[in-house]
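Have a look at the structure below before the remarks.
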């Protein structure tokens, strides 16, 4: 135990003097959390929480345009204060412009199929508008038109009916309740755990760089000649980097709680179960350190470690839903993402932070992370013993 | 501890066809300095690495007194000290931190660790730079720190692999004087170097190896002909052709 403590102390001292390496471990995920939480806040909000402006241009007159505008407004869709002119529709403000052709109002009272189809409506949309929002507005237009048509036809049939009576919003009250209080993560709920995991896996850089320096400078050989078991040399790196990962977790959660709202984003709501959060962080840390050890043992040069570790992390992050949330991925990619350890970690963090889950909810991802950590550690030992050579003597 | 006996020691790196050590048999008596000479690629560092326990898979046997070297090291883990040709310490740590760390991994602690760190630092004359980062020392001081670390555990067998490479004449003189003072009292010192005059100055016995084979071995006075010197003998045995 004394030797292990000495190894931990040495590793901590060496790491504490690598200011640049530490800065990368802490500042990089914090910067990603702030930037990505703010940049993607609208994408994650969707629906009513997102403000989308629209305008109606009706050839049948301003009264009909006003009527349609009033009915279409709501649930995040807001009338544009400055409706566009017909000739400048290519400008992306407002995001949606409904063009109603001449005679459309009169055609509403005509039963479908008797005198052909009513003149076609046209919706001009900003190309950057999320498809889900475009679809929602399309459905909204059709619902309003249907209400107007039913109302007009009933009036023709001598039944006094106001179009408001057929407003879809009044047809029924529908409340949506999602598991754990919210369904999909908000921007900050997605980005804090995601970039925290990404940052945690980046311990591969300092672990491998110091290990390669130790091997190149003969320090590792000297330690082996002092009969320090190689497994202990590897374990000597686990303790300090585990502490680094825990500190990353605390600081990144604080960044979500304070830094992101300070820049105008949402505030991260802390989970009720801190014990589960600690367990998830620990399992993620072991997997990240295991990865770092394997890269360190396999790489012969710093350049190799940088490429293997860096590219490996970026690939795992891209596939695992760190850079792009998994729920926006196509089904095939979502399936593929299940192979990424970062996706397992993100699932476990979401179970605690987002869904308020219990131990059973994090058991599977945590077991996978621990199994991976054990396999990576064993692989690092196997690679070392297979080479059977430690020094640069050859 | 007694004599170090190497019997038909052979070694080949995994995946390579050439034999690096070929049936090396040497007798290295305790209480003196044994010079191990050879051109680049002769197998000196490989032999040192096998003795230090860094390379496995060698055939043959290594005896230490009346037991194997492995058994001795199992019994007394820190009976062997290595001063490699690389600066095998942490450049980002101070000299004191390096000495404390290498002492602690040898099981030293508390007052004993403090005492050994002070003694090793004093011996290698690095006390005045203990608080300086090791990476910022001059070449001579780095060599002295390297030696101090190798002496922390008071090893009975000391392996010195080209310990004077890249130092100024003053530091070399100091290192040679220090190494000579370490001999005796039953300690076995194996010393490799390319500097023939160093070996002639401090070694009692020598072995010249090339291509993994022992070309000559014995007391310095026995192996060097009267009308010659060690360098001449070395060149004669290993030929004058350039090595990679």
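Residue numbers (the working numbering), protein chains in the order written: chain V, 237 to 630; chain Z, 297 to 540. Glycine residues also receive a C-beta, built at the ideal position from the N, C-alpha and C atoms. In this text the structure is predicted, and so the values were computed from the model without any measurement.
In this chain, residue 369 of chain V is not harboured by any beta strand (DSSP E); it is covered by the alpha helix (DSSP H) spanning 367-392. Neighbours of residue 380 of chain Z in chain V, taken as residues whose beta carbon is under 7 Å from its own, are 454, 457, 458 in chain order. Put simply, the backbone Cα of residue 438 of chain V is about 15 Å away from that of residue 447 of chain V.
Within the stretch 343-360 of chain Z, contact with chain V at the beta-carbon level (separation under 7 Å) is assigned to 345, 348, 349, 350, 351, 352, 353.
Beta-bridge annotation (DSSP): residue 474 of chain Z is not paired with any residue. Counting along the chain, residue 589 of chain V sits inside the alpha helix (DSSP H) bounded by residues 577-589. Taking each of Z:366, Z:374, Z:316 in turn and checking the Cα distance to residue 343 of chain Z, the smallest one comes out for Z:316. It is roughly 16 Å from the alpha-carbon of residue 435 of chain V to the alpha-carbon of residue 425 of chain V. Contact check for residue 440 of chain V and residue 312 of chain V: beta-carbon distance about 42 Å, past the 8 Å limit, so the pair fails to qualify. Just so you know, the alpha carbons of residue 359 of chain Z and residue 441 of chain Z end up roughly 30 Å apart. Listed along chain V are 462, 463, each with a C-beta nearer than 9 Å to that of residue 374 of chain Z. Nearest CB-CB separation between residue 239 of chain V and chain Z: below the 7 Å threshold. For residue 559 of chain V, same chain residues with a beta-carbon under 7 Å away, outside a window of 5 residues either side, are 553 in chain order. Between residue 320 of chain Z and residue 305 of chain Z, the C-beta gap is smaller than 7 Å, which places the two residues in contact.
Look at residue 329 of chain V here: in three-state DSSP terms it is coil, with no helix or strand label. Within the stretch 439-451 of chain V, not one residue has a Cβ closer than 7 Å to any Cβ of chain Z. In terms of CA proximity to residue 421 of chain Z, Z:471 leads the group Z:459, Z:471, Z:409. Interface annotation, residue 536 of chain V: not in contact with chain Z, CB-CB separation never under 7 Å. As the crow flies, the alpha-carbon of residue 468 of chain V is around 27 Å from that of residue 439 of chain Z.
Residues of the stretch 452-470 of chain Z whose Cβ lies closer than 7 Å to any Cβ of chain V: none.
Exclusion of the five residues before and after residue 374 of chain Z leaves 402, 449 as the residues of its chain whose Cβ lies within less than 6 Å of its Cβ.
Residue 541 of chain V is outside the set of residues whose beta carbon lies under 7 Å from a beta carbon in chain Z.
Taking the CA atoms as reference points, residue 442 of chain V sits about 42 Å from residue 301 of chain Z. For the set Z:496, Z:425, Z:312, the Cα lying nearest the Cα of residue 389 of chain Z is the one of Z:425. Around residue 402 of chain Z, the beta-carbon contacts reaching into chain V at under 7 Å are 462.
As DSSP reads the structure, residue 315 of chain V sits in a beta bridge with V:290.
Residue contact check for residue 389 of chain Z against chain V: a CB pair falls below 7 Å. A straight-line Cα-Cα distance of about 23 Å links residue 475 of chain V and residue 266 of chain V. By the neighbour-count criterion, in which 16 or more other beta carbons inside 10 Å mark a residue as buried, residue 269 of chain V falls on the buried side. Residue ranges of uninterrupted alpha helix (DSSP H) with 4 or more members, entirely inside the stretch 356-416 of chain Z and ordered along the chain, are 365-371, 391-400. Sequence-ordered contacts of the stretch 404-419 of chain Z with chain V read 405 [C-beta pairs closer than 7 Å]. For residue 494 of chain Z, the enclosing alpha helix (DSSP H) stretches over residues 492-498. Counting only Cβ-Cβ distances below 7 Å, residue 249 of chain V has contacts in chain Z at 389, 393, in chain order. Residue environment analysis places residue 575 of chain V among the exposed positions, since fewer than 16 neighbouring C-beta atoms fall within 10 angstroms of its C-beta.
Under the 7 Å criterion on CB atoms, residue 397 of chain Z is classed as interfacial with respect to chain V. In the three-state DSSP reduction, residue 509 of chain V falls in the coil class, being neither helix nor strand.
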